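Single-structure report; data block below.
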Amino acid sequence: AFSTRRVAPLILGIAADPREPAAARVKAIRAAGAFPTAETIRTIVLAAAGTPAPEMRLASEVVLRHFPPKLLRRGLLPLLAHADTAVRRQAAIFLADFLPEDPGVREALFELWRGCGEELALEFVEPLQVLGGRDTVALLRQAVDRDPILSYAAATALARMRGEVPGEEILA
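Here's what the structure looks like:
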């Protein structure tokens, strides 16, 4: 039998290696679910953010969804400060999807949004839509008055949130 100390790095190495075929990386991501650590979360998010392959992002979501909330929080929140915008965006989507009721997560995502310039704000409309809630509606409403492309994305996100938040609040 192999020890976790020896096996986990091998599996995470395959998941992280862009030279590996997508199918091998997907299998490695699935296998990484047996090693729920902050490092596993980091590796999975970096792999999901760095690929155009939807099957890798889907495998990442399925695996991470089974991790304990406290571990997800500990593994994902630091990635909101990552140098790569795609990594920050993927971490934000996972946080919004997995921990939408966590006040610390909500505030971290709002701070990320507030810190974005016009050129980056578009990347974080989807995580806000996924996060949902009245406080998110207020932020997206403010974005409607910004850059035309951002305005359109924010308006689209608001329209998709209609079933969650009363229409009169979105249109106010």
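Residue numbering for the sequence shown follows the numbering used here, beginning at 10 and increasing consecutively. Just so you know, even glycine gets a beta-carbon here, dropped at the ideal spot from N, CA and C. Because the structure is a prediction, the values reported are computed rather than measured.
Length of the line joining the Cα atoms of residue i and residue j
i: ASP154; j: ALA68; result: 37 Å
i: PRO63; j: ALA31; result: 10 Å
i: THR94; j: ALA100; result: 10 Å
i: VAL134; j: ARG169; result: 12 Å
i: ALA162; j: LYS79; result: 31 Å
i: PRO87; j: ARG171; result: 31 Å
i: GLY124; j: LEU149; result: 14 Å
i: GLU48; j: ALA147; result: 35 Å
i: PHE119; j: ALA90; result: 13 Å
i: GLU132; j: LEU19; result: 32 Å
Same chain, Cβ closer than 7 Å to residue i, five either side skipped, listed in chain order
i: GLY42; result: VAL72 and HIS75
i: ILE23; result: GLU29, ALA33, ARG34 and ALA37
i: THR145; result: LEU137
i: MET65; result: ALA31, ARG34, VAL35, ILE38, ALA56 and ALA57
i: VAL139; result: ILE102, ALA105 and ASP106
Contacting residues, own chain, Cβ-Cβ under 8 Å from residue i (five flanking each side not counted)
i: ALA10; result: Interpretation of ALA10 is limited by its pLDDT of 47, a score under 50 that renders its predicted location unreliable; no figure is taken from the coordinates.
i: GLU127; result: ARG155, ASP156 and LEU159
Beta-carbon proximity list for residue i, same chain, < 6 Å, skipping 5 on both sides
i: PHE44; result: ALA17
i: ALA58; result: ALA95, VAL96 and GLN99
Nearest-angstrom beta carbon gap, residue j and residue i [assumed within contact, 8 Å]
i: GLY84; j: ARG115; result: Contact doesn't hold; Cβ gap of about 17 Å is too wide.
i: LEU121; j: ARG82; result: Not quite, the Cβ-Cβ distance comes to about 15 Å (not below 8 Å), so this is no contact.
Sequence ranges, alpha helix (DSSP H) only - wholly within the stretch 64-92, length at least 4: Whole alpha helix (DSSP H) segments, 4+ residues: 78-85.
Length-filtered (4 minimum) alpha helix (DSSP H) runs lying within the stretch 124-169: 127-130, 134-140, 143-152 and 157-169
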